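Engineer: To start, I am sharing the structure in question, which I have written as structure tokens.
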Amino acid sequence: MSALLWALIALPLTVGTLLTAAGRHADRAAPAVGVACAAVTLGLAIAVALRHPTAQAPLLEDLPVRLAVDGLSGLMAVTVAAITAAVLLFSVGDIGRGESRARFFGLMLLFSGSMLTTVTAASLPVLLMAWEVMGATSWALIGFWWRDPARGHAANTAFLTTRAADLGLYLAAGAALASGQANTLALNELAHTADPWLSAITAGVIVAALGKSAQLPFSFWLSSAMQGPSPVSALLHSATMVVAGAYLLLRLEPLLSASGWGGPVVAWTGAVTAVLLGLVAVAQTDLKQLLAASSCAQIGFMVLAAGTGAVTGGTVQLMAHAAAKSLAFLVAGAWLTALGAKTLRALRGAARGYRTAGIAFTVSALTLAGIPPLSLWAAKDLLLAGALKESVWLYAVGLAAGVISAVYAVKALWFVWRPTPVSGSRLPHSEPPPLLLLAVACVGLTALALPPAREAVARVLRTTAEPAPLAWEFVLSGGLALLASAVVWTRGAPAIGAPWRDWLRLEAAARLLLVRPTIRAAHALAVFDDRVLDRTIDAAAHSALSLARWTDRRVEAGVDAAVEGVASTTRALGRWARRPQSGQLHQYLAQAVAAFTVLAIALVFVR
Amino acid sequence: MLTALILLPTAVAALLMCVPRTAPRRLFLTLWVATAAVELALTATVWAGYRPGGGMQYETQVNWIPSAGVSYHIGVDGLSLPLMAMTCVLFLACAVYALRETRRVREFAALFLFLQTTCLGLFAALDLILFFVFFDLSIVAMYFIIAGWGHAAAPRAALKFFLFTFLGSLALLLGFIGLYLAADPHTFDIIELTEANPLATRSLYGALVLLAIGVGLAVKTPTVPFHTWLPPAHTEAPAIGSVVLAGVLLKMGTYGFLRIAMPVLPGAWREYALVFVVVGVVSVLYGALVAMAQTDFKRMIAYTSVNHMGYILLAIGAAAAVDAGEQARQLAVTGAVFQMVSHGLLTGALFLLSGVLYERGRTYEMAAYSGVADRAPLFAALTGLAAFGSLGLPGLSGFIAEFQIFAGSLGPRPVATGLAILGILITATLFLRAMQQIFLGPTRLPALAPGAARPFPDLRAHESAAVIPLIALGIVLGLLPRFVLDVIEPASRTVLELLAR
């Protein structure tokens, strides 16, 4: 049993490492190997989802690597593996022969393998390991075309922003150990700790999750992450990386509710992100940027669901969004390759020129818009039922965010269906099948949010006690989405200005408030190090040298003079002493008489 | 066995000096590599025969200066064995890397072999005077290596290195004499001193001795503000000199804390642990920030060593909070020892790679390069791996060390650890910036001398053979750390027991 689970994560990670390491030698074989590996991984994911294995291996003292698959992990693993397979199949055509295909497919497998490890991790150390490796592979993928400095820059922004948030998980791990009540750092132990450590753990987890999921205020990194190849965006935005944060919050929902304050904070952050980043999406003029902002907004719903305890709704939203968003990015990528265009203006008529892609994109956009009966419509109501139980305001904000998603999705649709003739190259043969598969999945997943299948999902997730939406909620949200869509289609999307188009200038703010002061401090400290600290030490050495010289000149001369003085005095005394030794007997007699006389007188007086 | 391991390199060095200088260059280099390989094999044998949890093993004690209580006393335990193994790996990598060396090869090889004896001897020493002798001899050997084979400004940097660390060693000697006088009967034996805990009841005396030993070891580690000898020494040293300096010599300081300061002066350590925590955190942040401002690749790596050594100080300082959880403190100490090994391997690899960079472009200035990945993909990939390892990416050994340090230190010292965690973000920033500058973007290489086409060839065989094993070992330790942790954990438990007295 546990072998199955080890195989699930070891296969993509190993094959990915080998492909990446082999480099250009493996370019020819890479697409076949990559797709085959993804297909086998999908099979393994389905197997573990059905059999729920666990696995364990020693890592640190009393902190083993623990993997376990339960309902949530199983669904996640299947989603990740399925989307990876579809995206890699598409990449065979999109990443052409001239590219470093081995590096691309290898890194994609590593990326997906680390996401699979993240969703099957049952203890914090292994979760953190997979979590950070995922960040690093995303760095390598976003900067895949490394000759272009802007892409390297974007990769750095993405990695550093998410890593800044990742520090939260280090804190959470330390706090969990310090609490003494989560000694193996198992994820399901974290909720059983006591304050103040409970709050510290919750805060750390929330920060890490919001960073990874590009929620406010971290959203900006996702905008620059668009610099990567389109298949990377398709995978990064749908089933890996950005949804990892949402997954973590859904997984640790008991922790959020145990903390008391975690749930509302998370729910409101998600809701506000869904609204604000939805408006950012409306303001975009570039299709990939629009889709990126919409990822933040759609994931905001999952985060909102985690905060209100609507785990079923959040999970269904996650899966349905994964299918829709990967599809949208793949179509955008196909058009980018075929037409060389990604601005909405330049993509006018693209759907008419490329019918298959156009229909696929339409399915995806309508899903994102929340049009009934497609999957995200019902999923949103499912999760908003949880919000309604918490607070009417939260529900209202969620509904508003739903309307906004209809606005940006239909705005994109409106452009691509303009009756403008387009001219571009044909799509490669390998591209339409994955698009159609994902479109079918988009439609098919609708069932999950509706009663019979929904209850099965809830049983799998063991979340049957969660509130279910009433009929009027479905009607209200569906009606609003249809109304908004109709207005946008006929009247056009509202024009929204500059700060929204620049992603609320969050990146500029982060640079101004965090990056620049840090770099200034670094330079100031370096100057201090060179000019003050080092010079002080040098000065100390020099003063020792000066002291030596001074000693040499002054003290040494003095001592020398003293010694010389003693010597010359002694010499003078010696000369004096030599005087009486004349060798004349009569002089000696006279000296003896004088000496004895003095002696005699002395004796007389002393007595 | 252990004595043979320690003295063999010096014996070979003496042999080399008897061979006339005119003998073929290859003879010296081959002999050097062979000796380093035998040393590694010997360490592996010692490791194979070592029983984890069995305390001090392979002990040898011979009278040396009995009137002063000095003996040749050596042995290994879980603190020293991983470091000795790491030392042998690094020296072998250095020997392989130096296979193309042409300048005064005989002396170069002999000096390195002698240096290897001093390093191994220090980690095995169980007598303070023996420890001190090896400590000082290592400085002497390193002085000649920097001065004789370094870059242009090497003599000055070497002198600074020598005088600064020598001054530190004098403070250390003062502390050792303080311990000697405090013990009854007088002895320099570390094991006896540890058992006797001579300064348990004399807190002022204990504090002064700890001050002397602490300053002595802090200079060698180095910690802020005693680190200013490090950047010039590294910048001017030859590549493999830097490897040994950063990989092995710095560990002498941190090892000294774990071997001498904590077990022999438990009371004073507990009382003044906060000082070490603060020095550790300041070193972490200061080292990382100053590294970020560097434009010279090698100097930048040198400053990251200050940062990495800071984590160790933080961990061993936090471990002194005996009222905090046992498990956490245990993790912190284990992490500190693991960090020594991990830093040796990864920073060793980085210094070798910086040597490759200099050899190709004749400068360490990062701005002189761009898009090197185009010319040298293997070089770029390996540097990237080593850099990610150094910034603590999971899957490489640095993460295992730093995760344990942070997770273990947070409970006892929440504020300090919270600040220190920022260090891994700053190191991530500086390494990514450096990699982007050197490897990514359009290709641009340092200005060529007129008429001389200087391509940037990828790693040569001997360079790969030196670097790849270090990084591979870093990955093995990052994924399967148990075989080392099994050795370290009992020893760190012992340190904590001794500290709790």
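Going down the list, the protein sequences come from chains Y and D. Taking the numbering used here, the leading residue of the first sequence gets 1, the next gets one more, and so forth. Taking the numbering used here, the leading residue of the second sequence gets 1001, the next gets one more, and so forth. Using N, Cα and C, we set each Cβ at its ideal position, and we do this for glycine too. Computed from a predicted model, the values in this text were never measured in an experiment.
#1: State whether the segment 289-298 of chain Y contacts the segment 236-252 of chain Y, with contact taken as three or more CB pairs (one from each stretch) at a distance under 8 Å.
#2: Which residues does DSSP list as the beta-bridge partners of T1060/D?
#3: Given that D195/Y touches chain D, what residues does it touch there, using C-beta distances under 9 Å?
#4: Check whether the Cβ of L382/Y lies closer than 7 Å to any heavy atom of the ligand GTP, and answer yes or no.
#5: Give the interface partners of P1377/D over in chain Y, defined as CB-CB distance under 7 Å, in chain order.
#6: Below 7 Å on C-beta distance, what does G1398/D contact in chain C?
#7: Evaluate contact between the segment 1286-1294 of chain D and the segment 520-527 of chain Y, counting only Cβ atoms and requiring at least three cross-stretch pairs below 8 Å.
#8: For the putative contact between V1333/D and L1496/D, defined by C-beta atoms under 8 Å, what is the C-beta separation to the nearest angstrom?
#9: Helix, strand or coil: how does DSSP classify S391/Y here?
#10: Just verifying my parser: in three-state terms, what is the DSSP assignment at E1402/D?
#11: Taking a Cβ distance cut-off of 9 Å, strictly less, list which residues of the segment 1099-1125 of chain D are near chain Y, in chain order.
#12: Three-state secondary structure (DSSP) at E1365/D?
#13: With distances taken Cα to Cα, identify the nearest neighbour of G1408/D among T20/Y, L60/Y, T285/Y.
#14: Return the residues of the segment 524-553 of chain Y that lie within a Cβ-Cβ distance of less than 7 Å from chain D, sorted by chain order.
#15: May I have the straight-line CA-CA distance separating A246/Y from K342/Y, to the nearest angstrom?
#16: In its own chain, which residues sit with a C-beta less than 6 Å from the C-beta of A1376/D, not counting the 5 before and 5 after it?
#17: Does the Cβ of E1359/D have 16 or more other Cβ atoms within 10 Å, making it buried, or fewer, making it exposed?
#18: Can you name the start and end residues of the beta strand (DSSP E) that A365/Y belongs to?
#19: Flag Y1311/D as yes if its beta-carbon sits less than 8 Å from any beta-carbon of chain Y, otherwise no.
#20: Below 7 Å on C-beta distance, what does P229/Y contact in chain D?
#21: Going along the chain, which residues of the segment 133-167 of chain Y sit with their C-beta nearer than 9 Å to a C-beta in chain D?
#22: On a CA-only basis, which of R531/Y, R505/Y, T308/Y is nearest V280/Y? Give me that one, please.
#23: Residues of chain D with a CB under 8 Å from the CB of D62/Y: which are they?
#24: Determine which residues of the segment 1213-1244 of chain D have a Cβ less than 9 Å from any Cβ of chain Y, and write them out in chain order.
#25: Under a CB-based cut-off of 8 Å, is E1489/D close to chain Y?
#26: Thinking C-beta only, is L75/Y closer than 8 Å to V416/Y?
#27: Is the Cβ of L128/Y closer than 8 Å to any Cβ of chain D?
#28: Could you name the residues that DSSP lists as bridge partners for S1370/D?
#29: Opposite T343/Y in the DSSP bridges: which residues?
#30: Is the number of C-beta pairs between the segment 1244-1257 of chain D and the segment 1075-1088 of chain D that are closer than 8 Å three or more?
#31: Extract the residue ranges of the alpha helix (DSSP H) inside the segment 1153-1217 of chain D, only unbroken runs of 4 or more that lie entirely within it.
#32: Would you kindly check if the distance between the Cβ of S1283/D and the Cβ of T1223/D is under 8 Å?
#33: Could you run through the segment 1468-1498 of chain D and flag, in chain order, every residue whose CB is less than 8 Å away from some CB of chain Y?
#34: Just by C-beta distance, which residues in the segment 568-587 of chain Y are closer than 7 Å to chain D?
#35: At 8 Å on the CB atoms, spell out the chain Y contacts of V1290/D, in chain order.
#36: Whether or not the segment 101-109 of chain Y and the segment 131-150 of chain Y are in contact is what I'm after, with contact meaning three or more pairs of Cβ atoms, one per stretch, closer than 8 Å; do they touch?
Structural biologist: Put simply:
#1: Segment contact: the segment 289-298 of chain Y against the segment 236-252 of chain Y, three or more CB-CB distances shorter than 8 Å; contact assigned.
#2: Start at 1 with the first residue of the second sequence, and residue 1060/D comes out as number 60. Its beta-bridge partners are I1074/D.
#3: The residue labelled residue 195/Y in the question sits at position 195 within the first sequence. In chain order: nothing, as chain D lies at least about 14 Å away.
#4: Annotation note on the ligand GTP: not contained in the displayed structure, which lists no ligands.
#5: Taking the first residue of the second sequence as position 1, residue 1377/D is located at position 377. Among the residues of chain Y, those whose CB is under 7 Å from the CB of P1377/D are G23, following chain order.
#6: In the structure shown, chain C cannot be found, because the protein chains are Y and D.
#7: The answer is yes - the segment 520-527 of chain Y touches the segment 1286-1294 of chain D, with three or more Cβ pairs under 8 Å.
#8: Taking the second sequence and counting its residues from 1, the one referred to as residue 1333/D is at position 333. Taking the second sequence and counting its residues from 1, the one referred to as residue 1496/D is at position 496. Right, their Cβ atoms sit about 6 Å apart.
#9: Your numbering for residue 391/Y matches position 391 in the first sequence. Here S391/Y sits in coil by DSSP.
#10: Locating residue 1402/D in the second sequence gives position 402, where the first residue counts as 1. The answer is helix: DSSP assigns E1402/D an H, G or I state.
#11: Answer in chain order: no residues at all.
#12: The residue you call residue 1365/D lines up with position 365 of the second sequence. Looking at E1365/D - three-state DSSP - the assignment turns out to be strand.
#13: In the second sequence, the residue the question calls residue 1408/D occupies position 408. Comparing Cα-Cα distances from G1408/D to each of T20/Y, L60/Y, T285/Y, the minimum goes to L60/Y.
#14: If the cut-off is 7 Å between Cβ atoms, the segment 524-553 of chain Y has L525, A526, D529, L533, D534, I537, A541 near chain D.
#15: Working through the first sequence from its first residue, we reach residue 246/Y at position 246. Working through the first sequence from its first residue, we reach residue 342/Y at position 342. Each residue's Cα considered, the two are about 28 Å apart.
#16: By 1-based counting over the second sequence, the position of residue 1376/D is 376. F1456, D1458.
#17: Within the second sequence, residue 1359/D is the residue found at index 359, counting from 1. Of the residues assessed, E1359/D falls on the exposed side of the cut-off, its CB having fewer than 16 other CB atoms within 10 angstroms.
#18: Residue 365/Y sits at position 365 when you count from the first residue of the first sequence. First-last for A365/Y: 355-369, but that is the alpha helix (DSSP H), not the beta strand (DSSP E).
#19: Here residue 1311/D is taken as the residue at index 311 of the second sequence, counted from 1. Y1311/D does not count as touching chain Y.
#20: For this step, residue 229/Y is matched to residue 229 along the first sequence. In chain order: nothing, as chain D lies at least about 16 Å away.
#21: Per Cβ criterion, the list reads V133, G135, A136, W139, A140, G143, W146, R147, D148, P149, R151, G152, H153, A155, N156, F159, L160, R163, A164, D166, L167.
#22: Within the first sequence, numbered from 1, the residue matching residue 280/Y stands at position 280. Considering only alpha carbons, the answer is R505/Y.
#23: Position 62 of the first sequence, counting from 1, holds the residue named residue 62/Y. The answer, in chain order, is Q1327.
#24: Of all residues in the segment 1213-1244 of chain D, the ones placed with a Cβ closer than 9 Å to any Cβ belonging to chain Y are V1224, P1225, F1226, H1227, T1228, W1229, P1231, P1232, in chain order.
#25: Counted from its first residue, the second sequence places residue 1489/D at position 489. Interface criterion met: the Cβ of E1489/D is under 8 Å from a Cβ in chain Y.
#26: In the first sequence, residue 416/Y corresponds to position 416, counting from 1. In the first sequence, residue 75/Y corresponds to position 75, counting from 1. V416/Y places its beta carbon 8 Å or farther from that of L75/Y.
#27: Indexing the first sequence from 1 puts residue 128/Y at position 128. Cβ-Cβ to chain D under 8 Å: yes for L128/Y.
#28: Looking up residue 1370/D in the second sequence gives position 370. In the DSSP output, where bridge partners are listed per residue, S1370/D has R1444/D.
#29: As a first step, residue 343/Y is located in the first sequence; it is residue number 343 there, counting from the start. DSSP output for T343/Y lists D286/Y as bridge partner(s).
#30: Judged by pairs of C-beta atoms under 8 Å, the segment 1244-1257 of chain D touches the segment 1075-1088 of chain D, as three or more such pairs exist.
#31: DSSP runs (the alpha helix (DSSP H)) wholly in the segment 1153-1217 of chain D: 1154-1182, 1190-1196.
#32: For the purposes of this step, residue 1223/D is identified with residue 223 of the second sequence, where counting begins at 1. For the purposes of this step, residue 1283/D is identified with residue 283 of the second sequence, where counting begins at 1. For the 8 Å CB-CB criterion, T1223/D and S1283/D form a contact.
#33: With the criterion set as a beta carbon lying under 8 Å from some beta carbon of chain Y, the members of the segment 1468-1498 of chain D are P1481, R1482, L1485, E1489, in sequence order.
#34: Those would be none; no residue qualifies.
#35: The residue labelled residue 1290/D in the question sits at position 290 within the second sequence. The CB of V1290/D comes closer than 8 Å to the CB of A522, L525, A526, D529 in chain Y, given here in chain order.
#36: By the Cβ criterion, the segment 131-150 of chain Y is in contact with the segment 101-109 of chain Y, since at least three pairs of Cβ atoms, one from each stretch, lie closer than 8 Å.
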